[in-house]
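Colleague: Position in the sequence shown (first residue = 1) + 10 = this note's numbering.
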Amino acid sequence: MTRAFRTPAGIGPALAVALVLTLVAGALAAWAGRDWYAAAHDDSAAYAVQRDRALAAGEQAVQNLNTLDHRRVDQGLDLWESSTTGELHKQLVDGRTEFAGQVKAARTVTTARVLSGAVTELDDRAGRARLLVALRVTVTTPDSKSTDKDSRMLGELTRTDGRWKLSALGQAPVGGTAAG
């Protein structure tokens, strides 16, 4: 004996279909919510966020330390100091007066633009990172002549008070030259 499927009294076929679709939509929402929660609490996602923060701060700091206008040298050097920490910061503070005099005497304007950058090492727990930044530095002399120079810089970052700051900066070896 076969029995035909019947909907309960008072429920039409359209309402039954709507009920099934609602249940399917609820199941899909629960599945998507579980995936979203897992992604939001994934350690690799947190690591990627710190890497991106370190890269952005590092690129900005390298750009800051390669940009200086003789007409606003004190503002520029303040920016240098706020972008750095540790021994690099101490060197900048200790040499500030002499360097400011040299820049004012030269009457140059130096601007830098980051071409690309990458974090090469990141120790999130220790709050340390290393990065490589390629940039173009333009130097404009008092007679309005300018020259561009592309360079690669290696930097070390230290996280202090929740912010990444440069703690070391130097030229990266180019081509066949080996450091050492």
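Ideal placement from N, C-alpha and C gives every residue a C-beta, glycine not left out. Just so it is clear, the structure is predicted and the values come from calculations on it, not from any experiment.
Report the option in PRO152, ARG61 and ASP84 whose CA atom is closest to the CA atom of ARG135.
Modeller: The shortest C-alpha separation from ARG135 is found at ARG61.
Colleague: Compute the distance between the beta-carbons of LEU164 and ALA182, then report whether it is under 8 Å.
Modeller: yes
Colleague: Would you mind working out which of LEU102, GLU97 and GLY86 sits nearest LYS114, comparing C-alpha positions?
Modeller: The shortest C-alpha to C-alpha distance from LYS114 to any of LEU102, GLU97 and GLY86 is the one to GLY86.
Colleague: Look at VAL143 and VAL59 and say whether their C-beta atoms are less than 8 Å apart.
Modeller: no
Colleague: Check whether the region 141-157 touches the region 121-131, taking contact to mean three or more Cβ pairs, one atom from each stretch, closer than 8 Å.
Modeller: Yes, they touch.
Colleague: Take ASP133 and list the residues in its own chain whose beta-carbon comes closer than 8 Å to its own, dropping the five residues that flank it on each side.
Modeller: ALA139
Colleague: For ALA67, which residues in the same chain have their Cβ closer than 6 Å to its Cβ, ignoring the five residues on either side in sequence?
Modeller: TRP174
Colleague: Ordered along the chain, which non-local residues of its own chain (more than five positions away) have a Cβ less than 6 Å from that of THR157?
Modeller: VAL149
Colleague: Would TRP46 be called buried (16 or more neighbouring beta carbons within 10 Å of its own) or exposed?
Modeller: exposed
Colleague: When you compare each of PRO23, ALA28, ALA128 and LEU78 to GLY111 by their alpha carbons, which one comes out closest?
Modeller: Residue LEU78 is the option with its Cα nearest to GLY111.
Colleague: So what does DSSP say about ASP104, is it helix, strand or coil?
Modeller: helix
Colleague: If you compare alpha carbons, which of LEU179, VAL34 and LEU29 is closest to HIS99?
Modeller: LEU179
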